[in-house]
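Input: a single structure, listed below in structure tokens.
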Amino acid sequence: MASPPRDTERGAGREHVVRVGISGWRYPSWRGVFYPKGLAQRRELEYASRQLRTVEINGSFYSLQRPSSYVEWHRATPDDFVFAVKGGRFITHNKKLKDCAGALSNFFASGVLALDDKLGPILWQLPPQLSFQSERIEAFLASLPRTTREAAELARRHDGRLTHGSWLDVRVDRPVLHALEVRHDSFVDPAFIRLLRRANVALCVADTAGTWPYLEDVTADFVYVRLHGAKRLYASGYSKSDLDRWATRIAAWQHGETPTSTSLAAPETRPPSSAAGRDVYVYFDNDVKVHAPFDAMNLAARFGHGQRVAFPRKEERSVVDAVGRDDRFRYGQRRRRSA
Numbered sequence: 009m010a011s012p013p014r015d016t017e018r019g020a021g022r023e024h025v026v027r028v029g030i031s032g033w034r035y036p037s038w039r040g041v042f043y044p045k046g047l048a049q050r051r052e053l054e055y056a057s058r059q060l061r062t063v064e065i066n067g068s069f070y071s072l073q074r075p076s077s078y079v080e081w082h083r084a085t086p087d088d089f090v091f092a093v094k095g096g097r098f099i100t101h102n103k104k105l106k107d108c109a110g111a112l113s114n115f116f117a118s119g120v121l122a123l124d125d126k127l128g129p130i131l132w133q134l135p136p137q138l139s140f141q142s143e144r145i146e147a148f149l150a151s152l153p154r155t156t157r158e159a160a161e162l163a164r165r166h167d168g169r170l171t172h173g174s175w176l177d178v179r180v181d182r183p184v185l186h187a188l189e190v191r192h193d194s195f196v197d198p199a200f201i202r203l204l205r206r207a208n209v210a211l212c213v214a215d216t217a218g219t220w221p222y223l224e225d226v227t228a229d230f231v232y233v234r235l236h237g238a239k240r241l242y243a244s245g246y247s248k249s250d251l252d253r254w255a256t257r258i259a260a261w262q263h264g265e266t267p268t269s270t271s272l273a274a275p276e277t278r279p280p281s282s283a284a285g286r287d288v289y290v291y292f293d294n295d296v297k298v299h300a301p302f303d304a305m306n307l308a309a310r311f312g313h314g315q316r317v318a319f320p321r322k323e324e325r326s327v328v329d330a331v332g333r334d335d336r337f338r339y340g341q342r343r344r345r346s347a
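Using this note's numbering, the first residue of the sequence shown is number 9, and each one after it goes up by one.
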């Protein structure tokens, strides 16, 4: 793959942004609590995207999604919305990052590129049993597409497993960002940090209530944060003081600074230069007791983000009802699987 893009290729000098959102959006326990009572399930993303600036797609981790789903998600959200996409567990957990060229092709052909200008980082979450093996990690990082055109070229090599068609077209070539979330203590290794920095891949800052390694090494020109629960994994919320502390760290990353931290795998080395600042993506995954959306909104408010767009009234036709009329989807961009 081509050299990883840096800030200069993404518009250095622009104002770097903080995007705060949630990991997934379809949770029955959220209905009538975060989502208004009586809101149709098909409109939940439409509603969530009017409260927050980003969402992490988690369904893509469990199975390949349909191109029509990605088209629908794109259409249901405001123009400035961004999706992070969780990479498939077949690649990270089954293949364990080895011999996964075909699986990567299928993943990128499954509709990810239909997100177009709303495509944000791809998150690759490694299983707790997978230890750091330098050659394996280096080979995987080298196999990742760094632009949407590279991703489309990779996607064209997909096999016949895509029973719901494929999406192979790219309207505008854009950088593709990648983040890696690790869950084995052996990754607390300066050699791992060097590999990520060389590839401009972000080490996910993952708060897991002490369950898995917590590292704050900055390894790319953006920062990716997942908040799984302050005291109990997935189940506990974040207090005001917790959110204040996170806001301080996030603001430092946004402005190109490095917060004081003892949670570093490579304390002797400096992060990539980013005088212009960094984009920061933050996702709350403490969904069990409906903490995630409210914690996300409270943190976002610290950066001046309130409700972003008025939610259409019930009697107004949902934009997702029109997905079947998307001309790009109907005429030529969806390709049936190979014979």
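All C-beta atoms in this analysis are idealised placements derived from N, C-alpha and C, irrespective of residue type, glycine included.
For the 8 angstroms CB-CB criterion, F116 and H192 do not form a contact.
With three or more CB-CB distances shorter than 8 angstroms, the region 23–37 counts as touching the region 54–69. The beta carbon of L162 lies closer than 7 angstroms to those of L112, S113, F116 and P153 in the same chain, with the five residues before and after it left out. Contact annotation: the region 42–49 does not touch the region 72–91, with fewer than three C-beta pairs closer than 8 angstroms. By the criterion of a C-beta distance shorter than 7 angstroms, S269 is surrounded in its chain by E224, once the five residues flanking it on both sides are discounted.
If you ignore the 5 residues before and after K239, its C-beta comes within less than 6 angstroms of the C-beta of A217, all in its own chain and listed in chain order. Shown here, G110 sits in a helix according to DSSP, grouped into three states. Under the three-state reduction of DSSP output, L72 falls in the coil class, being neither helix nor strand.
By a beta-carbon distance limit of 8 angstroms, L72 does not contact L134. Their separation comes to about 19 angstroms. Between the beta-carbon of Y222 and that of S271 there is about 5 angstroms, and that keeps the pair under the 8 angstroms contact cut. In the DSSP assignment, E189 falls within the beta strand (DSSP E) that extends over H186 to E189. The Cβ atoms of N294 and H236 lie closer than 8 angstroms to each other. With respect to P75, H172 sits close: the two C-beta atoms are nearer than 8 angstroms. Judged by DSSP in its simplified three-state form, D193 adopts helix. Exclusion of the five residues before and after R144 leaves L105 and K106 as the residues of its chain whose Cβ lies within less than 7 angstroms of its Cβ. A direct Cα-Cα distance of roughly 30 angstroms separates F69 from A260. For the 8 angstroms CB-CB criterion, A160 and L121 form a contact.
Put simply, of F302, K297, Q262 and A309 the residue whose alpha carbon is nearest the alpha carbon of A243 is K297. Counting only residues of its own chain and dropping the five nearest sequence neighbours on each side, G285 has a CB closer than 7 angstroms to the CB of H24, Q262, H263 and G264. When beta bridges are read from the DSSP output, L211 appears opposite L188. Within the region 143–190, the complete beta strand (DSSP E) segments at least 3 residues long are 186–189, listed from N- to C-terminus.
For T219, there is no enclosing beta strand (DSSP E), as DSSP marks it with neither H nor E. Burial is judged here by how many other beta carbons sit within 10 angstroms of a residue's own beta carbon; N102 has fewer than 16 and is exposed.
For the 8 angstroms CB-CB criterion, L185 and F230 form a contact.
Per DSSP, the continuous alpha helix (DSSP H) segment holding I258 begins and ends at K248 to Q262.
Cα atoms of Y246 and R182: separation of roughly 35 angstroms, rounded to the nearest angstrom. Distance from the CA atom of N208 to the CA atom of E146, rounded to whole angstroms, is 12 angstroms.
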